[in-house]
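Trainee: Take the sequence shown: its position 29, counted from the start at 1, is 1135 in our numbering, and no numbers get skipped.
Sharing a structure with you now.
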Amino acid sequence: MDLLIGRLVYPMNVYPLTVETIVFILSLQVGTMHMISLVLALAILLYSFSFRKENTELQWLGQKSLIKIFNLTKKRSP
1107 MDLLIGRLVY
1117 PMNVYPLTVE
1127 TIVFILSLQV
1137 GTMHMISLVL
1147 ALAILLYSFS
1157 FRKENTELQW
1167 LGQKSLIKIF
1177 NLTKKRSP
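As structure tokens, then:
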């Protein structure tokens, strides 16, 4: 923040940037961070949906295979 305003370069109360420019740069940074966080949240949400769908398909496959194994063992017993 001090580097952005220029306090380290200009220790007196003279700033190289106007207030409007500083506000614009800060709002640009904040907006970019918000967009990154929104895109990241959307990616996590979509990934969780795809993982949940894949997980339910695996559960169905597991249940079907257990039923087949149970039927095979049931037929073999006298």
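Cβ coordinates follow ideal geometry from the N, Cα and C atoms, glycine included.
Only a predicted model underlies this, so the values are computations on that prediction, with no experimental measurement involved.
Short of 6 Å in beta carbon distance, which residues of its chain neighbour Ser1154, apart from the five on each side in sequence? Order them along the chain.
Mentor: The answer is none, since no qualifying residue turns up.
Trainee: For a test of the three-state rule: what should DSSP assign to Leu1123, helix, strand or coil?
Mentor: Three-state DSSP puts Leu1123 in coil, outside helix and strand.
Trainee: Pull up the distance between the alpha-carbon of Thr1127 and that of Leu1151, whole angstroms please.
Mentor: C-alpha separation (whole angstroms): 36 Å.
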